[in-house]
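Report on the structure given below.
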Amino acid sequence: MLDVLMHFCPGCSHGTIHKLIAEVIDEMGMESNAIGITPVGCAVLAYNYIDIDWVQAAHGRACAVATAVKRLNPEKMVFTYQGDGDLAAIGAGETIHAANRGDNIVVIYVNNAVYGMTGGQMAPTTLLGMKTATTPQGRDAKLHGFPFKAGELISQLDGVCYFTRQSVHTPAAVRRAKKALRRAFDNSMEGKGLSFVEFVATCSSGWKLSPVEANRWMDENMMPFYPLSKE
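Using my numbering, read the sequence shown as starting at 10 and increasing by one per residue.
Now the structure itself:
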């Protein structure tokens, strides 16, 4: 991790996830051999905190860029770091096809059910009934469709060797999440296929809740719909 001030909102899950990624890369001795791909949104600023090589992709195109980087540099450990607005909306096609090809990359997917950076609008993952800046009366399935379970969809594809859904809202969850990240990175270096690591995360500012209230809301509302993996 770089010694810089953290810009994320209080209670945001991104900072903890960044720390775990940095720790795993360090413990693997891969600092000079890792390449991260960031797109647009809150996820884009990961390069401010983790001292490795980074490539910034256009909105939604992180998996496509990661595919090229890994195929041109098969000895490198390549991963994407994406939010739900990026991966599950404009980037859905790139993500599905990278997974179906079985590219030896790790996709790290942070799902907080809103577009966090731009003001808390509805995302593909927004829960039914959930109020956002663009669904002030709550998400309506007849009008907006159903929440998108990207992990369950991706996990059905033959090129995917590992899917797990984690969180970082408790110390025990943090420990499990770190093990999951290590397994995913090991998979990519062993040529097993694509690993998809989803994080159910908070967005205190987008949800208009305090950090404590956001963790409680996530536990009571997000996790029943996006259940964590038991591992």
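Quick reminder that beta carbons are idealized off the backbone N, C-alpha and C, glycines included. What you are looking at is a predicted structure, and each value in this text was computed from that prediction instead of being measured.
Own chain, CB closer than 7 Å to residue i, minus 5 neighbours either side, in chain order
i	result
Lys187	Leu29, Glu32, Val33
Gly94	Gly50, Tyr124, Ala132
Arg192	Tyr171
Val64	Ile44, Ile46, Val74, Val78
Met139	Ala122, Gly147, Arg148
Val13	Asn57, Tyr58
Cβ-Cβ distance between residue i and residue j below 9 Å
i	j	result
Gly50	Gly24	no
Thr141	Gly215	yes
Thr104	Ala159	yes
Gly20	Pro220	yes
Tyr90	Ala67	no
Phe194	Phe88	yes
Simplified DSSP assignment, three categories, for residue i
i	result
Cys212	coil
Asn120	strand
Phe17	coil
Asp195	helix
Leu203	strand
Thr47	strand
Asp12	coil
Tyr171	strand
Met126	coil
Leu237	coil
Gly177	According to the sequence displayed, residue 177 carries Val and not Gly. Reduced to three states, the DSSP call for Val177 is coil.
Gly111	coil
Cys39	Reading off the sequence shown, one finds Met at residue 39, where the question assumed Cys. Three-state DSSP puts Met39 in coil, outside helix and strand.
Asp60	coil
Arg70	coil
Cα-Cα separation, residue i to residue j
i	j	result
Gly102	Gly69	9 Å
Ala98	Leu136	15 Å
Glu240	Arg174	10 Å
Thr47	Glu222	29 Å
Phe234	Leu218	20 Å
Arg80	Gly147	43 Å
Leu190	Glu199	14 Å
Gly100	Leu162	14 Å
Met15	Arg184	22 Å
Ser41	Gly129	36 Å
Residues near residue i in its chain [Cβ-Cβ closer than 8 Å; skip 5 each side]
i	result
Lys6	Since the first residue shown for the chain is 10 and the last is 240, residue 6 is missing from the structure and cannot be characterised.
Ser176	Ser22, Ala182, Ala186, Phe208, Val209, Ala210, Met227, Met232, Leu237
His153	Met131, Thr135, Thr144
Ala150	Leu137
His27	Met10, Ala55, Tyr58, Ile59
Asn82	Ile44
Ala52	His23, Tyr90, Gln91, Gly92, Asp95, Val119
Same chain, Cβ closer than 6 Å to residue i, neighbours up to 5 away in sequence not counted
i	result
Asn196	Cys170, Tyr171, Ser204
Ala43	Ile34, Ile61, Met86
Thr144	Met131
Thr76	Ala107, Asp112
Leu166	Ala108, Asn109
Cys212	Asn121, Val123, Gly125
His178	Asn224
Gly168	Ala108, Asn109, Arg110, Gly111, Gly202, Leu203
Met39	Met86
Any chain C beta carbon closer than 9 Å to residue i
i	result
Pro145	The structure shown contains no chain C; it is built from a single protein chain.
For the stretch 105-124 against the stretch 202-222, are there 3 or more C-beta pairs whose distance is under 8 Å?
-> Touching, yes, given that three or more Cβ pairs across the two stretches are closer than 8 Å.
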